[in-house]
Every structure is written in structure tokens, then in C-alpha cells.
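Everything below concerns the one structure shown next.
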């Protein structure tokens, strides 16, 4: 497969997807709360930092201090990278305090979000971007066509002016807009928790990965300190 690949930071996953994500593309990580979406995003960014690639984390549901604390609980100290300006956590709460009205209600100004993100990416030279989760920036009471416009504006806007590889997380319960998102992204990875043999296990499924030869399958994984997400093999039905 031609074209540069960007490792996810999950070695077992990178083997399955020909070395990683395609550089400069946008990917979606889907899952309920607690399935590991934030860990996935942080692992992707930390892997980049280890390779001298600057990263931008857009925090939607959490404050930057909470993101730093969660990373530390996994053994990843982000403070030195923040101080050296190799890593930035952008607190997106300001975008929800300055919503714009279009006559159909008040919505986040996605055009402003895209412009600001592109400015941050350009100024710091970020090559990896995570928006966690993307849903609140896009979802409103608008019609599906309006939401589609918002999604397109964000996705195309991110890719038009930067070479960054983007990882967006979303909740699996947001089915109506998740379908719209999946049409536009280069790949979709789904994280789930399932009950097996009277205990909960975490699973990862690669639902979509453009320009990548793969056999759809579900894999078990655990979250390990200092390593993050570790794939353990195929998820099989109890025998």
C-alpha cells in the first residue's frame, strides 16, 4: 500500500492495518463511556510525542487538568511536552459559551472551531490531532441536512489546510449522526464492553479502513499501565 502510515501506538493494531493510519486522513473511534476512547486518543498522541511529532488534544467533556491526570494514571507524563510546546490541550468549553443563532436555535460555530484548530495546528506544527468527543461540536436540534453540513465543514476543514492525521471519538449511541460521520472518515474503529463467562471484557472491531486490506474481526483488549491498549487476540464465543 503506497503512502505514509502513522502508527496508532497500539503495535498489534498497527500490524493489522498495514502499519497504521494513513497520514493526513481523519479517523473515527466509536464507543460508549468507559470503553477506552480517551485512552486510544492519548495513546495515539503519546506515540507521536515519542517520535518527535507534536500533538493537539481538543478536550470537549473534560478540563485539561483531568486529561493530564488520566494520562498520568497510565504512566504518561504530559507536563514536559506541554512545557516544551510539543503538546497542547485545548479547552473547548469556550465554544459552547459563544454559540451562534441561525434562526433554528443556537449552535456551536463550527466555522470558527475549524479556523481556530487550523491556526493552532499551523502555529505549533502539530501532525496528530485528537478531538474527544466530537459529538457536542456537531449535534444540535437541527435537521439531518444541517448536521451533515456541520460534519462536512469540520471534516473537510481539518483536512483542507493541514497535513495532520486526525482522530475523532464519538459515542456509539449517537447512531443517527455516526452514520453521517462514517461516510466521511477514512476509517472507523469500534470499542465495546461485553459480558463473557460472567465477566466484562473489552473488544475492538475495525469496521472500516479505506485503502487497507483487512478481514473484519473482533479483538479482545486490555488497558495496561505504561502501555495503554493492548490487543490480546480474537474474541471468540465461549466453548
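Residue numbers (this note's numbering): 32 to 270.
C-beta: ideal position from N, C-alpha, C; glycine also.
List in chain order: all unbroken alpha helix (DSSP H) runs of 4+ residues lying wholly within the stretch 91-123. If we require 4 residues or more, the alpha helix (DSSP H) runs fully inside the stretch 91-123 come out as 95-104, 110-114.
Pairwise C-alpha distance: residue 236 and residue 225: Here the question's residue 225 lines up with position 194 in the chain shown. Here the question's residue 236 lines up with position 205 in the chain shown. One C-alpha to the other measures close to 13 Å.
Suppose the cutoff is 6 Å on Cβ atoms and the five residues either side in sequence are ignored; what does the same chain contact list for residue 89 look like? Position 58 of the chain shown, counted from the first residue, corresponds to residue 89. The residues are 121, 123, 162.
Under 8 Å between the Cβ atoms of residue 1 and residue 152? Residue numbering for the chain in the displayed model covers 32 to 270; residue 1 lies beyond these limits and cannot be assessed.
Can you find the residues in the same chain that come closer than 7 Å, C-beta to C-beta, to residue 47, ignoring five residues on each side of it along the sequence? Looking up residue 47 in the chain shown gives position 16. Hits under 7 Å: 237, 245.
From residue 65 to residue 179, what distance separates their C-alpha atoms? Residue 65 sits at position 34 when you count from the first residue of the chain shown. Residue 179 sits at position 148 when you count from the first residue of the chain shown. Counting only the Cα atoms, residue 179 lies some 27 Å from residue 65.
Whose C-alpha, out of 192, 242, 107, 113, is nearest the C-alpha of residue 36? Position 5 of the chain shown, counted from the start, is the residue given in the question as residue 36. Selected option, being the one with the closest Cα: 242.
What residue does the alpha helix (DSSP H) around residue 72 start on, and which one ends it? On the chain shown, position 41 is the one that residue 72 refers to. Where residue 72 is concerned, the enclosing alpha helix (DSSP H) stretches over 68-81.
When you compare the CB positions of residue 222 and residue 61, do they come within less than 8 Å of one another, or not? Counting from one through the chain shown, the residue named residue 222 turns up at place 191. Counting from one through the chain shown, the residue named residue 61 turns up at place 30. In this structure, residue 222 sits near residue 61, with a CB-CB distance shorter than 8 Å.
Look up residue 249 in the DSSP assignment and give the residues it is bridged to. Counting from 1 along the chain shown, the entry for residue 249 is found at position 218. DSSP, once it has assigned bridges, lists 236 as partnering residue 249.
CB residue 164 to CB residue 56, shorter than 8 Å? Locating residue 164 in the chain shown gives position 133, where the first residue counts as 1. Locating residue 56 in the chain shown gives position 25, where the first residue counts as 1. Contact flag unset, no.
In the DSSP output, what is residue 62 paired with across the bridge? As a working note, residue 62 is residue 31 in the chain shown. Per DSSP, 222.
For a test of the three-state rule: what should DSSP assign to residue 134, helix, strand or coil? Taking the first residue of the chain shown as position 1, residue 134 is located at position 103. In this predicted model, residue 134 has a pLDDT of only 48, less than 50, meaning its place in the structure is not dependable; the value taken from the coordinates is given anyway. Coil.
Going by CA-CA distance only, name the one from 265, 258, 266 that's closest to residue 73. Here residue 73 refers to the residue found at position 42 when the chain shown is read from its first residue. Checked all of 265, 258, 266; the closest Cα to residue 73 is 258.
If we ignore side chains and look at the alpha-carbon of each, how far apart do residue 193 and residue 183 end up? On the chain shown, position 162 is the one that residue 193 refers to. On the chain shown, position 152 is the one that residue 183 refers to. Taking C-alpha positions only, residue 193 is separated from residue 183 by approximately 16 Å.
Going by the beta-carbon positions, is the gap between residue 110 and residue 75 smaller than 8 Å? Start at 1 with the first residue of the chain shown, and residue 110 comes out as number 79. Start at 1 with the first residue of the chain shown, and residue 75 comes out as number 44. Cβ distance not < 8 Å, so residue 110 and residue 75 don't count as in contact.
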